[in-house]
Amino acid sequence: MKQIINVTAITLMTALSAISQSVSFNQQFSSGVSDSHELTVEQPHEITVDKELRMYALVPHVRTNHNALGADMSVTVTHADKIAQKPDVFVAPLSPEVIRELYRLRSTYVALMNRVAYESADRRVEGMPRGINRGYGSRTTNIFKKSERDKENSEHRAEKTAVFQLKQVLTKRFNLRTFAMTEHVTHHYKLPDGRYILCVMQRVKNPQSKALLGSKWAIWWTTLTIEKEYPIDIVLDESNAITWREIFSVD
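The sequence shown maps to residues 4 to 254 in my numbering.
Below is the structure:
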């Protein structure tokens, strides 16, 4: 009798262990394969850049006549989905110090893009057939795709890091300020002739969010040339806004 009880206990423990492994794997991947199978990431193509600092550029409107304020540059910022907060407008001369900061920022952004690509990549179960026909039109594959919600969460985390890094550069180097504002949306600048970088940031609604994240950052970025004889106007809205991913051109 004692021997039968011992055999029964061992059998029960073995069965519970097998069920535990199967449930653990099923909870994560909804598959019937065992824990002994390893997951391999389907490696995405690496995002790279060349030595040239290629950046996004807008085409501003050149004024034929000076406005009443005599501004060398006027920047109007509107967005249909803006949240009730003022945009951050930054201007800096295109100096060697700024260029060095932008090279470092671009390296950070490329690393972020590659991280998001890796986190969003498909996973493959090693040792499991690529396709299994379960009958009645049901088919299982060994490739598991990340959900759109998971992908969006990964992108959201990257955006937070990207914006934080960008704000550090803007606070440190982009210190030219407006001398006047009209109609609460137009910023006016008086600037010496030369090359400049303009960056504007505005928190906006994100109605397409699947993860209910609520908002995202609209960014406007461009290099421009200031000449006293040719003052310029720049109108920024949802039609020419970009994300942190478009500031620098990547391969």
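Just so it is clear, CB atoms sit at the ideal spot from N, CA and C, and this is done for glycine as well. Just so it is clear, the structure is predicted and the values come from calculations on it, not from any experiment.
Under DSSP, the beta-bridge partners assigned to Lys208 are Ser218.
Assigned with DSSP and collapsed to three states, Leu239 falls in strand.
Cα atoms of Phe147 and Leu239: separation of roughly 41 Å, rounded to the nearest angstrom. Straight across, the Cα-Cα distance linking Asn243 with Val65 is about 17 Å.
Scanning its chain for C-beta atoms nearer than 7 Å, with the 5 sequence neighbours on each side dropped, one finds around Leu115 the residues Ala161, Thr164 and Ala165, in chain order.
Glu155 is classed as buried because its beta carbon has at least 16 other beta carbons within 10 Å across all chains shown. Per DSSP, reduced to three states, the secondary structure at Pro99 is helical. Contact annotation, Pro234 with Ala74: C-beta distance approximately 6 Å; criterion of less than 8 Å satisfied. If you check the CB distance, His82 and Gln171 do not come in under 8 Å. Between Ile250 and Tyr106, the beta carbon gap of about 12 Å keeps them out of contact (Cβ cut-off 8 Å). Under the three-state reduction of DSSP output, Asp84 falls in the coil class, being neither helix nor strand. Glu100 places its beta carbon 8 Å or farther from that of Arg180. Closest by C-alpha distance to Val92, out of Ile102, Met76, Arg103 and Asp84, is Met76. Apart from sequence neighbours up to five positions away, the residues of its chain that approach Thr228 with a beta-carbon distance below 6 Å are Arg198, ordered along the chain.
Under the 10 Å beta carbon count, Ala87 is surrounded by fewer than 16 other beta carbons and is classified as exposed. For the options Leu61, Lys193, Glu158 and Trp247, the alpha carbon positioned closest to that of Glu230 is the one of Lys193. In the three-state DSSP reduction, Thr226 falls in the strand class (E or B). A residue is called buried once 16 or more other Cβ atoms fall within 10 Å of its Cβ, and Ile102, having fewer, is exposed. In the DSSP assignment, Phe182 is bridged to no other residue.
Thr189: member of the beta strand (DSSP E) spanning Thr189 to Tyr192, first to last residue. Judged by DSSP in its simplified three-state form, Ser77 adopts strand.
Bridge partners of Met58 according to DSSP: Phe251. For Arg127, the beta-bridge partners assigned by DSSP are Thr43 and Ile146.
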